[in-house]
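Here's the structure, in structure tokens; my notes come after.
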Amino acid sequence: MSYKTVFYVLVIYSISLLTPAYAKHNGFEGHDHATKLKADKSVDASDVTVLTNEAVIIVHGIVCSFCSQGVTRNLSKLPFIDKSKYTKGVKVEIEDQKVTIAIKPDSTLDLPQVFKSILKGGYEPVEAYVKDHAGNITLHKADGA
41 MSYKTVFYVL VIYSISLLTP AYAKHNGFEG HDHATKLKAD KSVDASDVTV LTNEAVIIVH
101 GIVCSFCSQG VTRNLSKLPF IDKSKYTKGV KVEIEDQKVT IAIKPDSTLD LPQVFKSILK
161 GGYEPVEAYV KDHAGNITLH KADGA
């Protein structure tokens with residue numbers, strides 16, 4: 041083998057050592073996105089608190105703050121999100137895999153658009169809980185989003 045070939049092999053090997061094999065964006069050793077959290081199981085509706093002008097969405101696949109930032113970025117672009125609340129109108133609870141969105145008081149929530157926005161980021165919306173003006177909480181499944 042020539043010195044030139046050895047040099048190129050070493051350069052490529054060195055670059056491969058610097059490239060993360062999987063998401064370690066927060067410095068957690070062994071962190072991967074295949075980890076299943078407790079929220080991958082069904083959620084009891086009594087465990088979900090929904091305030092007026094908000095919706096709570098159960099989303100599978102959010103396992104770290106980097107995931108949380110992506111979900112927040114996508115959802116905050118929707119026109120009916122009230123960006124004056126939470127972080128740009130979105131609160132993500134990683135451990136429970138719950139996403140709460142604040143809705144502008146004079147806007148109409150478009151759940152199919154919310155579900156599509158979450159899917160676009162690579163996450164799985166499962167269901168959404170929404171409180172109507174009479175105070176009733178309704179469950180909306182994300183099937184077919």
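According to the numbering used here, the residues represented by the sequence shown are 41 to 185, in order.
Ideal placement from N, C-alpha and C gives every residue a C-beta, glycine not left out.
- In the DSSP assignment, Ile-97 falls within the beta strand (DSSP E) that extends over 94-100.
- Within its own chain, the residues whose Cβ lies closer than 6 Å to the Cβ of Lys-181, once the five positions on either side in sequence are excluded, are Glu-167, listed in chain order.
- In this structure, the CA atom of Lys-123 is about 12 Å from the CA atom of Glu-94.
- DSSP lists Val-99 as the beta-bridge partner residues of Pro-165.
- Just so you know, the alpha carbons of Leu-149 and Tyr-48 end up roughly 56 Å apart.
- Of the other Cβ atoms in all chains shown, fewer than 16 fall within 10 Å of the Cβ of Asn-176; this residue is therefore exposed.
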